[in-house]
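Inspection log for the structure reproduced underneath, given as structure tokens.
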Amino acid sequence: MPSARFFDPHIHCTSRTTDDLEAMAAAGVRAVIEPAFWLGQPRTTVGSFVDYFSALVGWERFRASQFGIAHYCAIGLNSKEANNEALAKDVLELVPRFALKEGVVAVGEIGYDEITKAEERAYQWQLEFARKNDMVVMVHSPHRDKKNGIRRSLAVAKEVGVPMAKLVIDHNNEETVQDVLDAGAWAAFTIYPFTKMGSERMVQILEKYGPERLIVDSSADWGVSDPLSVPRTAALMLQRGIDPEWVRRATWQNALDAYAQSGQIDVDALLKSPEIDQSKLFNDNSVLRGQAPRVLGAQPSGVPN
Ligand SMILES: [Zn+2]
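Residue numbers for the sequence shown follow my numbering, beginning at 3 and rising by one.
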């Protein structure tokens with residue numbers, strides 16, 4: 003049994019293998035959020051989004067559950083594909099149909115990529131939807147011109163009237179964290195291997211800013227990324243002598259507090275060890291290939307969270 007419990011509130015499970023899910027569970031990842039995003043290959047028809055959103059609330063949720071990981075998702079039109087305006091219009095109409103389903107904890111990931119007018123229109127529209135439905139919003143920030151992108155994301159969200167307590171800005175770095183914290187929003191950090199934000203830098207950020215509203219995630223997807231970023235970063239933080247309570251907040255509690263505002267997370271169930279029933283099927287499909295199904299009932303976990 004892992005010695006701590008982690009929440010990875012940003013990972014694209016659809017791009018990951020069952021080996022990853024197994025390794026995550028073994029490392030203590032108890033819950034994840036999979037936000038809707040770009041798939042690398044640009045989509046050409048709205049039907050592709052219907053199937054993708056369906057997989058996020060259906061198949062991927064089931065697949066994660068087969069390894070003892072609670073899977074939640076965020077539904078939204080990503081900034082990159084917002085630039086295909088003809089398609090974007092149809093996808094935006096689809097968002098309300100999926101965003102209010104069970105297991106959806108936020109509208110996301112939305113925001114800016116190249117900071118275009120089309121991106122801004124899609125972002126504003128989805129913020130309005132989130133505000134009207136009292137939803138949490140997960141914001142993707144641009145890789146280029148990040149500081150301005152984040153400032154604008156915050157300003158537009160304020161203008162629309164989204165409460166800052168319901169706004170999570172992701173992919174932060176040393177240059178942007180203060181703006182996000184000053185605004186009262188949650189500041190999430192994606193820990194990538196080798197580049198951008200690494201675990202070492204995250205240790206320093208936590209040391210400097212403390213644990214208030216800081217969230218660590220992996221954003222692991224179809225690119226070079228690490229589905230174990232959250233437990234690995236937590237291990238490094240502890241090794242560097244950071245207060246275990248701070249580490250717990252940045253790698254578990256804060257994400258839970260932010261996204262449990264959706265009312266979609268059964269917090270008590272997450273505190274028990276997971277129920278696993280690999281004899282279950284989803285649309286007649288199993289993740290197994292002839293292996294004996296593992297079946298485990300929920301139990302008090304003994305993990306000190
Ligand atoms: Zn993402």
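Where a beta carbon is used, it is the ideal one built from N, C-alpha and C, also for glycine.
Only a predicted model underlies this, so the values are computations on that prediction, with no experimental measurement involved.
C-alpha gap between residue i and residue j, whole angstroms
| i | j | result |
| --- | --- | --- |
| G42 | W224 | 8 Å |
| V164 | P37 | 19 Å |
| F62 | R251 | The question names Phe, yet the displayed sequence has Glu at residue 62. Near 26 Å, if we compare the C-alpha coordinates of R251 and E62. |
| W248 | S5 | 16 Å |
| D10 | S17 | 15 Å |
| T192 | K103 | 26 Å |
| P213 | A187 | 13 Å |
| H14 | W40 | 10 Å |
| A257 | L290 | 31 Å |
| N135 | E122 | 20 Å |
| L334 | V218 | Look at the range of the chain in this structure, 3 to 307, and you will see that residue 334 is not part of it. |
| R154 | E87 | 21 Å |
| D354 | T20 | Nothing about residue 354 can be reported from this structure: the residues present for the chain run from 3 to 307 only. |
| T178 | M140 | 16 Å |
| L183 | A190 | 10 Å |
| E24 | F8 | 14 Å |
| P44 | Y194 | 23 Å |
| T253 | A236 | 7 Å |
| P246 | A29 | 17 Å |
| G70 | G265 | 21 Å |
| Q1 | K282 | Shown here, the chain extends from 3 to 307; a query on residue 1 therefore has no answer. |
| P144 | G292 | 44 Å |
| Y54 | A222 | 17 Å |
| I244 | M26 | 23 Å |
| W127 | K160 | 13 Å |
| V305 | V34 | 18 Å |
| D22 | A120 | 35 Å |
| V97 | A124 | 11 Å |
Three-state class that DSSP yields for residue i in the structure shown
| i | result |
| --- | --- |
| P295 | coil |
| S201 | helix |
| Q128 | helix |
| T192 | strand |
| K210 | helix |
| I152 | helix |
| E277 | coil |
| M140 | strand |
| R32 | strand |
| P233 | helix |
| E83 | helix |
| Q255 | helix |
| L58 | helix |
| D270 | helix |
| P98 | helix |
| L23 | helix |
| D1 | Any question about residue 1 goes unanswered here, given that the chain covers just 3 to 307. |
| L290 | coil |
| V107 | strand |
| L283 | coil |
Beta-carbon separation (whole angstroms), residue i vs residue j, contact threshold 8 Å
| i | j | result |
| --- | --- | --- |
| A185 | L156 | 5 Å |
| G49 | G78 | With a Cβ gap of about 18 Å, G49 and G78 do not count as contacting. |
| R242 | V205 | 5 Å |
| V162 | E130 | 6 Å |
| Y261 | A108 | 6 Å |
| V106 | V232 | Going by Cβ atoms, the distance from V106 to V232 rounds to 21 Å, so no, they are not a contact pair. |
| A90 | M137 | About 20 Å; that fails the 8 Å criterion. |
| D115 | K149 | Actually they do not touch by this definition, with Cβ atoms about 15 Å apart. |
| H73 | A84 | About 25 Å separates the two Cβ atoms, so there is no contact after all. |
| C75 | V59 | 6 Å |
| I318 | N80 | Nothing can be reported for residue 318, as the shown portion of the chain is limited to 3 through 307. |
Anything with a beta carbon under 7 Å from a heavy atom of ligand 1 counts; list them all in chain order. So the residues near ligand 1 by this Cβ test are H12, H14, P37, F39, E111, H142, S221 and D223.
Touching or not, the stretch 157 to 170 and the stretch 191 to 203, by the rule of three or more beta carbon pairs under 8 Å? With the cut-off at 8 Å, the stretch 157 to 170 and the stretch 191 to 203 do not touch.
Whether or not the stretch 275 to 282 and the stretch 290 to 300 are in contact is what I'm after, with contact meaning three or more pairs of Cβ atoms, one per stretch, closer than 8 Å; do they touch? Yes, the stretch 290 to 300 touches the stretch 275 to 282.
The stretch 281 to 289 contacting the stretch 259 to 272, beta-carbon criterion three pairs below 8 Å: Note that the stretch 281 to 289 does not touch the stretch 259 to 272; fewer than 3 beta-carbon pairs, one per stretch, sit closer than 8 Å.
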